[in-house]
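Q: Protein chains in written order, with our numbering: chain L, 328 to 823; chain A, 328 to 823.
Below is one structure. I have some questions about it.
Protein chains: 2
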Amino acid sequence: MRTGGVLNIFGKLLILIALCLLSPIPFSIYFNDGMVMTFLSCSLIGTISGFTLVALFAPESDLGYRDGFAVVVLSWLGLAILGALPFYFSGEMNAFVDCFFESMSGFTTTGSTILTTVEVLPKSVLFWRALTHWIGGMGIIVLSLAIMPLLGIGGMQLFQAEMPGPTKDRLAPRIQDTARILWSVYLLFTLVEILLLMIGGLDFFDATCHAFATLATGGFSTHTASVGYFNSVYIETVIIVFMFLAGVNFSLHYRVLSGKLSAYWQNEEFRFYVGISLFAIVLLVLVNMYHHVYDNLGDNIRTAFFQVFSILTTTGFGTADFEQWPPVCKVLLVSLMFVGGCAGSTGGGIKVVRVLLFFKYARMQLTHLVHPRSVSAIKMGKIKVPQEVMLSILGFFALYIAFFLLATLLVTALGVDVLTGSTAVIATLNNIGPGLNLVGPAQNFGHLPPLAKLVLSFCMLAGRLELYTVAVLLTPDFWAMARKPVWRWQLQGTGK
Amino acid sequence: MRTGGVLNIFGKLLILIALCLLSPIPFSIYFNDGMVMTFLSCSLIGTISGFTLVALFAPESDLGYRDGFAVVVLSWLGLAILGALPFYFSGEMNAFVDCFFESMSGFTTTGSTILTTVEVLPKSVLFWRALTHWIGGMGIIVLSLAIMPLLGIGGMQLFQAEMPGPTKDRLAPRIQDTARILWSVYLLFTLVEILLLMIGGLDFFDATCHAFATLATGGFSTHTASVGYFNSVYIETVIIVFMFLAGVNFSLHYRVLSGKLSAYWQNEEFRFYVGISLFAIVLLVLVNMYHHVYDNLGDNIRTAFFQVFSILTTTGFGTADFEQWPPVCKVLLVSLMFVGGCAGSTGGGIKVVRVLLFFKYARMQLTHLVHPRSVSAIKMGKIKVPQEVMLSILGFFALYIAFFLLATLLVTALGVDVLTGSTAVIATLNNIGPGLNLVGPAQNFGHLPPLAKLVLSFCMLAGRLELYTVAVLLTPDFWAMARKPVWRWQLQGTGK
Numbered sequence: 328m329r330t331g332g333v334l335n336i337f338g339k340l341l342i343l344i345a346l347c348l349l350s351p352i353p354f355s356i357y358f359n360d361g362m363v364m365t366f367l368s369c370s371l372i373g374t375i376s377g378f379t380l381v382a383l384f385a386p387e388s389d390l391g392y393r394d395g396f397a398v399v400v401l402s403w404l405g406l407a408i409l410g411a412l413p414f415y416f417s418g419e420m421n422a423f424v425d426c427f428f429e430s431m432s433g434f435t436t437t438g439s440t441i442l443t444t445v446e447v448l449p450k451s452v453l454f455w456r457a458l459t460h461w462i463g464g465m466g467i468i469v470l471s472l473a474i475m476p477l478l479g480i481g482g483m484q485l486f487q488a489e490m491p492g493p494t495k496d497r498l499a500p501r502i503q504d505t506a507r508i509l510w511s512v513y514l515l516f517t518l519v520e521i522l523l524l525m526i527g528g529l530d531f532f533d534a535t536c537h538a539f540a541t542l543a544t545g546g547f548s549t550h551t552a553s554v555g556y557f558n559s560v561y562i563e564t565v566i567i568v569f570m571f572l573a574g575v576n577f578s579l580h581y582r583v584l585s586g587k588l589s590a591y592w593q594n595e596e597f598r599f600y601v602g603i604s605l606f607a608i609v610l611l612v613l614v615n616m617y618h619h620v621y622d623n624l625g626d627n628i629r630t631a632f633f634q635v636f637s638i639l640t641t642t643g644f645g646t647a648d649f650e651q652w653p654p655v656c657k658v659l660l661v662s663l664m665f666v667g668g669c670a671g672s673t674g675g676g677i678k679v680v681r682v683l684l685f686f687k688y689a690r691m692q693l694t695h696l697v698h699p700r701s702v703s704a705i706k707m708g709k710i711k712v713p714q715e716v717m718l719s720i721l722g723f724f725a726l727y728i729a730f731f732l733l734a735t736l737l738v739t740a741l742g743v744d745v746l747t748g749s750t751a752v753i754a755t756l757n758n759i760g761p762g763l764n765l766v767g768p769a770q771n772f773g774h775l776p777p778l779a780k781l782v783l784s785f786c787m788l789a790g791r792l793e794l795y796t797v798a799v800l801l802t803p804d805f806w807a808m809a810r811k812p813v814w815r816w817q818l819q820g821t822g823k
Numbered sequence: 328m329r330t331g332g333v334l335n336i337f338g339k340l341l342i343l344i345a346l347c348l349l350s351p352i353p354f355s356i357y358f359n360d361g362m363v364m365t366f367l368s369c370s371l372i373g374t375i376s377g378f379t380l381v382a383l384f385a386p387e388s389d390l391g392y393r394d395g396f397a398v399v400v401l402s403w404l405g406l407a408i409l410g411a412l413p414f415y416f417s418g419e420m421n422a423f424v425d426c427f428f429e430s431m432s433g434f435t436t437t438g439s440t441i442l443t444t445v446e447v448l449p450k451s452v453l454f455w456r457a458l459t460h461w462i463g464g465m466g467i468i469v470l471s472l473a474i475m476p477l478l479g480i481g482g483m484q485l486f487q488a489e490m491p492g493p494t495k496d497r498l499a500p501r502i503q504d505t506a507r508i509l510w511s512v513y514l515l516f517t518l519v520e521i522l523l524l525m526i527g528g529l530d531f532f533d534a535t536c537h538a539f540a541t542l543a544t545g546g547f548s549t550h551t552a553s554v555g556y557f558n559s560v561y562i563e564t565v566i567i568v569f570m571f572l573a574g575v576n577f578s579l580h581y582r583v584l585s586g587k588l589s590a591y592w593q594n595e596e597f598r599f600y601v602g603i604s605l606f607a608i609v610l611l612v613l614v615n616m617y618h619h620v621y622d623n624l625g626d627n628i629r630t631a632f633f634q635v636f637s638i639l640t641t642t643g644f645g646t647a648d649f650e651q652w653p654p655v656c657k658v659l660l661v662s663l664m665f666v667g668g669c670a671g672s673t674g675g676g677i678k679v680v681r682v683l684l685f686f687k688y689a690r691m692q693l694t695h696l697v698h699p700r701s702v703s704a705i706k707m708g709k710i711k712v713p714q715e716v717m718l719s720i721l722g723f724f725a726l727y728i729a730f731f732l733l734a735t736l737l738v739t740a741l742g743v744d745v746l747t748g749s750t751a752v753i754a755t756l757n758n759i760g761p762g763l764n765l766v767g768p769a770q771n772f773g774h775l776p777p778l779a780k781l782v783l784s785f786c787m788l789a790g791r792l793e794l795y796t797v798a799v800l801l802t803p804d805f806w807a808m809a810r811k812p813v814w815r816w817q818l819q820g821t822g823k
């Protein structure tokens, strides 16, 4: 690892985020919430830290993909710390660990909150909170569609072929092109959702914050009652549609927008994603009808649609307290939490494609037991899935279970009960938001012990970066290859 | 599938179990519990059914391994139904579904009970209850060490080389030889444990029943308080040692008994099994010490040892109500439930070797990400693990999760709460016995809805037969290949 080069990039990123920290200022002025100086100072802290790093460490041109792991993890960690400052200075959160949790929950597009009442935060800080989602979502699209497939992380190499944009030999330009294309889709969707929400009666502030949280599959709302606050079928429908879209591979959106309208349905992952959603919705509606949870069928269907897409895409918005639903509905929703969105979407979780391949493999094994001489291969669409992809999915599941177990053990060791602790880990590791019991949709994470909040923040990061990225940094091998940083002053006189 | 041949073998097996149904009679006479006629009639029912099948269907010599799936599943099902009769006729269980649950729990060596008070059963029925464990354990040793590796089920082909006994070309004699050798080890251990328990003061009846339940990693006791009833350090120690031995690959025992004393330690799965156990024990002792769960360290260590081996080997005996332990201990014990015993032991669960290979694979993937050019293979001991074995483990996990999810959804759909329902499925699918909450170690399964009991009985069977065996029978492909049965009378005049 080239420590100096990594820190140089990290410095540049801090400067970029410092610029973003200026964007809540217009809201602060408009709502007169007295946070202008706070955001200015936070931005200044970011800028100074960033420039210091850039001044100290020279860029290195020969950064390898190993350095990518360090850049990515360091960036998300640094972003979370810098992004926590406005929360801290707002004075509404006492401990810095709470601010860090909230900020990490934002940038990882998780949406778990430590706030009992969201409205206590100044409007500009609420905007910042939603913006962390949007920035995080932007990062993850590029990461999952342009960078991770090249690293061969947990079966994602299958999507190498799906990268849009002109193919060039060198890595960096291709990533830049891909990023530009995908981000324009992301931006377009965000703008359309803002517009549609404003047509539904939301003011620009609420519309923007909710659009940010929807497209990033984050889930932070500007109201404690989440989307339920608006109690509007139109608003819920708009958000359902955009949650659904945010859970789809963004390169598919690009293709459809480029005119290939059949791209959605030709994609097997997309079909499976739609299938799971519809199956879950029908099941929820039937069970809730049987148990008379809702007075009329309309409410039943509407809440089922909203909750399924909110959980499956790992957004975590709420219009109903599913803690009050029958046990089987809770089990179904927890199962959906693990699935998550499609690969290349902003959604978290295990990803639809991995789940699909997983079960395809089990079915193939059964066929093989019945017909031992049959030669069968697993296909995704028309592409034959190589064995190594299947094997790296095996590795992904192993890591996933290891993280899940370890985190649950740690959180419960800190005194949290079994159901709250395990579902808090599920909710953060899959970047969803709410869990069950004391971290259910009508509850929050504020009452957990500070150390548990740190463990859960780590889960959010690990889950968001597909585990491998974080796990690699925990291996001694990785650090054994770290080089001493190259300081700028060492380059003096070398002619560089 | 050769339906006729399968039914012929099944008939012979029924006759064998009908003979076993005579063995509780001496106990019935000794304790004068009035069950002699019951056991005689149960035995008669079995004998008549068996002979009818044998009379109707001719044996077929060319049975393929596909027929093996049908024989195995049919046998366990038939055994459970026949074995339920003594419970039913004892009059202490009201519904037949309860008797079936108890009997299936016996033959699959699960040890979950529907009884609130075990002592209500006549002594001879309690003996039969323990004997079902012992018979089931006998079946599973041969199945897991001699038959499943040949079928290549879920990574078990790795153990093909471990089969003891003289190697011959044809399948049947080899299985018979292997069976004879392994059963003598099983019998030897049972006799030694009976002897040691009797030295500790148990009468012949209690000693035999507990030895049966230990060696089969079953868990049925003759007392409601389970092994805690005896409150004796000696008895607990003996049972701990034999639970530990029952969780080890029986072909390893054979090698050690044949003089290769180093066989245990040379086996990587064995070392990992010991490692997990010690890690869990130390953790439990420390947490329970920190929370002052026990007054003195001795009790703490003793209960930790007992509970860890009881859960890890999937025996399910209890000397403590771990429902009362801190949450982290419960999470740890539930995690151990998934691991289970070594492959080729009588223990259930996922099996130590699969878990070991699973995490080895994850570690290899991480190494590969750091050193992309490194060529590394996964080894077990000195043997290189083929990719297909790793892939079949992937398939196993997928099936495992599918069964777990489906069963949990069904059980909670019947109104059982989330924690009770999910841990009831874990406890039965892994053939352990107790779960958490309303099916915790101080509770029982009696209060569950009848349909839930059937679902859980199915879980026991599926878990015991390594999922694949049961899952294969659920595929339409399997039945498409079924042949019409050959009736005896059709052979008349054909000269056979």
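All C-beta atoms, glycine included, are put in the ideal place defined by N, C-alpha and C.
Since this is a predicted model, take the numbers as computed values, not measurements.
From which residue to which residue does the alpha helix (DSSP H) around residue 416(L) run?
A: From DSSP, the alpha helix (DSSP H) with residue 416(L) extends over 392-417.
Q: If we count the other Cβ atoms within 10 Å of its Cβ and call it buried at 16 or more, is residue 582(A) buried or exposed?
A: Buried, because 16 or more other Cβ atoms sit within 10 Å of the Cβ of residue 582(A).
Q: For residue 326(A), which residues from the same chain have a beta carbon less than 8 Å from its beta carbon, with the 5 sequence-adjacent residues on both sides left out?
A: Nothing can be reported for residue 326(A), as the shown portion of chain A is limited to 328 through 823.
Q: Three-state secondary structure (DSSP) at residue 498(A)?
A: The pLDDT assigned to residue 498(A) is 49, lower than 50, so where the model puts this residue is not dependable; a value taken from the coordinates is nonetheless given after this. Helix, per DSSP.
Q: On a CA-only basis, which of 722(L), 749(L), 743(L) and 742(L) is nearest residue 732(L)? Give me that one, please.
A: Minimum Cα distance to residue 732(L) is reached at 749(L).
Q: Once the 5 residues before and after residue 496(A) are set aside, which same chain residues still bring their CB inside 7 Å of it?
A: Bear in mind that the predicted position of residue 496(A) carries a pLDDT of just 43, short of 50, making it unreliable; the figure below should be weighed with that in mind. Same-chain partners within the cutoff: there are none.
Q: Since residue 567(A) contacts residue 529(A) with CB under 8 Å, what's their CB separation in whole angstroms?
A: So it is not a contact: roughly 15 Å between Cβ atoms.
Q: What three-state label does DSSP hand residue 710(A) in the structure shown?
A: Strand, per DSSP.
Q: For residue 693(L) and residue 699(L), I'd like the C-alpha separation in whole angstroms.
A: The alpha-carbon atoms of residue 693(L) and residue 699(L) are separated by roughly 10 Å.
Q: If you draw a straight line from the C-alpha of residue 392(L) to the C-alpha of residue 478(L), how long is it?
A: Going by the C-alpha atoms only, they are around 7 Å apart.
Q: Pull up the CB-CB distance for residue 335(A) and residue 381(A), whole angstroms please, since I reckon it's below 8 Å.
A: The Cβ separation is near 6 Å, so the contact holds.
Q: So the candidates are 461(L), 408(L), 710(L) and 764(L); which of them puts its Cα closest to the Cα of residue 545(L)?
A: Closest by alpha carbon: 461(L).
Q: Do you know offhand how far residue 622(L)'s Cα is from residue 647(A)'s?
A: One C-alpha to the other measures close to 46 Å.
Q: Note down, in chain order, every chain A residue with its Cβ under 8 Å from the Cβ of residue 717(L).
A: Those are 718 and 721, listed as they occur along chain A.
Q: Pull up the DSSP beta-bridge partners for residue 329(L), would you.
A: Residue 329(L) pairs with 810(L).
Q: Quick one: residues in its chain with C-beta nearer than 6 Å to the C-beta of residue 642(L), no 5 flanking neighbours on either side, listed in chain order?
A: These residues qualify, in order along the chain: 544, 546 and 570.
Q: What does residue 725(L) reach in chain A if we use C-beta pairs closer than 7 Å?
A: Simply 685, 686, 688 and 689.
Q: Can you name the start and end residues of the alpha helix (DSSP H) that residue 777(L) belongs to?
A: Start and end: 777-791.
Q: By DSSP, does residue 649(A) sit in helix, in strand, or in coil?
A: Three-state result, residue 649(A): helix.
Q: Could you please give the first and the last residue of the uninterrupted alpha helix (DSSP H) stretch that includes residue 638(L)?
A: Unbroken alpha helix (DSSP H) run through residue 638(L): 624-639.
Q: I'd like to know if residue 330(A) contacts chain L, where contact means its C-beta is closer than 8 Å to some C-beta of that chain.
A: Cβ-Cβ to chain L under 8 Å: no for residue 330(A).
Q: Going along the chain, which residues of its own chain have a beta-carbon closer than 7 Å to the beta-carbon of residue 632(A), five neighbours each way excluded?
A: Excluding sequence neighbours, residue 632(A) sits near 567 and 608.
Q: Sort 762(L), 758(L), 576(L) and 580(L) by Cα distance to residue 660(L) and report the nearest one.
A: It is 762(L).
Q: Just the C-alpha distance for residue 282(A) and residue 472(A), rounded to the nearest angstrom, thanks.
A: A question about residue 282(A) goes unanswered here, because the residues of chain A that appear run from 328 up to 823.
Q: What are the residues of the stretch 376-401 of chain L that lie near chain A, defined by any Cβ-Cβ distance shorter than 9 Å?
A: The residues in question are 392, 393 and 396.
Q: Determine, for residue 788(L), whether the minimum Cβ-Cβ distance to residues of chain A falls below 8 Å.
A: No, its Cβ sits nowhere closer than 8 Å to a Cβ of chain A.
Q: Out of 792(A), 343(A), 747(A) and 690(A), state which residue places its alpha-carbon closest to the alpha-carbon of residue 855(L).
A: Since the first residue shown for chain L is 328 and the last is 823, residue 855(L) is missing from the structure and cannot be characterised.
Q: Chain L partners of residue 795(A), CB-CB under 9 Å?
A: Per Cβ cutoff of 9 Å: 692, 693 and 696.
Q: Can you tell me whether residue 685(L) is helix, strand or coil according to DSSP?
A: The answer is helix: DSSP assigns residue 685(L) an H, G or I state.
Q: Out of curiosity, what's the CA-to-CA distance linking residue 629(L) and residue 614(A)?
A: Taking the straight line joining both Cα atoms gives about 46 Å.
Q: Which chain L residues are close to residue 739(A), counting only those with a beta carbon under 7 Å from its beta carbon?
A: Those within 7 Å of residue 739(A) in chain L are 654, 655 and 658.
Q: Just to confirm the assignment: which complete alpha helix (DSSP H) runs, minimum length 4, are found wholly within the stretch 499-554 of chain A?
A: Qualifying alpha helix (DSSP H) stretches, in chain order: 531-542.
Q: Just to confirm my understanding: we take residue 784(L), look at its own chain, exclude 5 residues before and 5 after, and list those with CB closer than 7 Å. What are they?
A: Excluding positions up to five away in sequence, the list reads 427, 428 and 431.
Q: For the stretch 698-715 of chain L, which residues have a beta carbon sitting closer than 9 Å to at least one beta carbon of chain A?
A: Within the stretch 698-715 of chain L, the residues whose Cβ lies closer than 9 Å to some Cβ of chain A are 698, 699, 714 and 715, listed in chain order.
Q: With 16 other CB atoms within 10 Å as the buried threshold, where does residue 627(A) fall?
A: Looking at its Cβ environment, which holds 16 or more other Cβ atoms inside 10 Å, residue 627(A) is buried.
Q: Residue 378(L) by DSSP, collapsed to three states: which one?
A: Correct three-state label for residue 378(L): helix.
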